[in-house]
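Since the structure comes first, as structure tokens, the remarks are kept for the end.
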Amino acid sequence: MKLYFIGGYGATALNMKRDPLHIKTRGDEFPLTLGRDVSGVVMECGLDVTYFKPGDEVWAAVPPWKQGTLSEFVVVSGNEVSHKPRSLTHTQAASLPYVALTAWSAINKVGGLNDKNCAGKRVLILGASGGVGTFAIQVMKAWDAHVTAVCSQDASELVKKLGADDVIDYKSGNVEEQLKSLKPFDFILDNVGGATETWALNLLKKWSGATYVTLVTPFLLNMDRLGIADGMLQTGVTVGSKTLKHFWQGVHYRWAFFMASGAYLDDIAQLVDKGKIQPVIEKTFPFSKVPEAFLKVEGGHARGKTVINVI
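Numbering (the numbering used here), first residue to last: 1094 to 1404.
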């Protein structure tokens, strides 16, 4: 997602969020600073900030409409920050906030799952070996769900290590048929998108409150293509019609998005410090090799997060 922003993806919606009254000069937007995750030490606090003080070790994920985190100093709102898990180094902690909050939004805020109602539920995670998927597996297992993960064969050991009960290799044949041979699911998290939802929704238990949540939506693309008003209208029509269609077929259909939240990070930090969540880092780069790091990310097929040590 961050790499797409370089090419202007989502510019219409993000510019509106950044400057709704169009009072800033265009020069304020550049240079573009990439990076969404940050872990570091508080240097200064605003007058109304009471939950943090200089010297506190914190972590956060910065919203896409704000400047990024590949910098020695990052300015964030107090409600976006949380105290860093004590059990993690800053490098480890920096790998989690953005994917963790994206998954948390889909699973908890939109999907309605939590540690009180998740035990025994059958959960399917499509695109399970990426950052969001690996976090989602661990949360679902921490809440005692049965997790089926779909990924490529070379990532199967990783997702098994994280706790997945069943692993389906999407390259080993017809994924739909393989999944149909299993029991129906209570919850599906789709990190893949495309034509996946045309068959994945049929894997849910009908008329039981089962929910399909996708993180791959046309929201930003609609805004870029049609403008703010028409893009929002098209988005509303699309999600509304799909929600109603699938409701009458006995399942819930939802879209989810990243949500910056220090409060959610507080909950996630507790799971981390209890040993329920571990960071999955594929490679760490020094700040001097940022271009190399982005080339690696651009290549895709990540087996964990890529982290840049700024200092």
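Just so you know, even glycine gets a beta-carbon here, dropped at the ideal spot from N, CA and C.
Remember, predicted model here, so these are calculated numbers, not experimental data.
A1349 is positioned such that its CB atom lies no closer than 9 Å to that of G1223. Scanning its chain for C-beta atoms nearer than 7 Å, with the 5 sequence neighbours on each side dropped, one finds around K1376 the residues K1389, T1399, in chain order. In the three-state scheme derived from DSSP, where H, G and I count as helix and E and B as strand, N1267 is classed as coil.
Its Cα nearest to that of V1306, the residue L1217 stands out among Q1160, L1217, I1230. By the C-beta density criterion, L1326 is exposed, having fewer than 16 other C-beta atoms within 10 angstroms. A check of alpha carbon separations from K1276 across G1287, K1254, N1295 identifies N1295 as the nearest. Between Q1231 and T1241, the alpha-carbon positions lie close to 12 Å from each other. Per DSSP, reduced to three states, the secondary structure at L1189 is coil, with no helix or strand assignment.
With contacts defined as CB atoms closer than 9 Å, P1379 and N1402 qualify as a contacting pair. Ranked by Cα distance from D1366, the first of Q1246, F1280, A1235 is A1235. Taken through DSSP and simplified to helix, strand or coil, T1336 comes out as helix. Rounded to the nearest whole angstrom, the CA to CA distance from G1397 to A1386 is 13 Å. Distance from the CA of H1345 to the CA of E1290, rounded to the nearest whole angstrom, comes to 12 Å. According to the DSSP assignment, W1158 belongs to no alpha helix (DSSP H), since it is labelled neither H nor E.
Distance check between K1177 and each of D1359, I1370, K1382, V1373 places D1359 closest, using alpha-carbon atoms only.
Judged by their CB atoms, Q1160 and T1195 are not nearer to each other than the 9 Å cut-off. Per the coordinates, the alpha-carbon of Y1191 lies some 21 Å from the alpha-carbon of V1243. V1225 is positioned such that its CB atom lies no closer than 9 Å to that of A1186. In chain order, Y1346 place their CB closer than 6 Å to the CB of T1336, counting only its own chain and leaving out the 5 sequence neighbours on each side.
The beta carbons of W1300 and G1355 sit about 38 Å from each other, so the pair does not count as a contact at 8 Å. Per DSSP, the continuous alpha helix (DSSP H) segment holding A1293 begins and ends at 1289 to 1293. I1281 counts as buried, since no fewer than 16 other beta carbons sit within 10 angstroms of its beta carbon.
Runs of the alpha helix (DSSP H) lying entirely within the segment 1220 to 1280, each at least 4 residues long, are 1224 to 1235, 1249 to 1254, 1268 to 1273 in chain order. If you ignore the 5 residues before and after E1269, its C-beta comes within less than 6 Å of the C-beta of W1292, all in its own chain and listed in chain order. Counting along the chain, the unbroken beta strand (DSSP E) around V1400 starts and ends at 1398 to 1402. CA-to-CA, the gap between R1215 and L1206 works out to about 12 Å. Judged by their CB atoms, I1404 and E1165 are nearer to each other than the 9 Å cut-off. For D1130, the enclosing beta strand (DSSP E) starts and ends at 1130 to 1134. DSSP links I1218 through a beta bridge to A1242, L1282.
Exclusion of the five residues before and after S1132 leaves W1152, K1177, H1183, A1186, A1187 as the residues of its chain whose Cβ lies within less than 6 Å of its Cβ.
About 7 Å separates the Cβ atoms of L1308 and D1283, confirming a contact at the 8 Å cut-off. Rounded to the nearest whole angstrom, the CA to CA distance from G1266 to P1124 is 46 Å.
The beta carbon of K1338 sits closer than 8 Å to the beta carbons of Y1346 from its chain, once the five residues preceding and following it are set aside; these are given in chain order. Collapsing the DSSP output to three states places I1200 in a helix.
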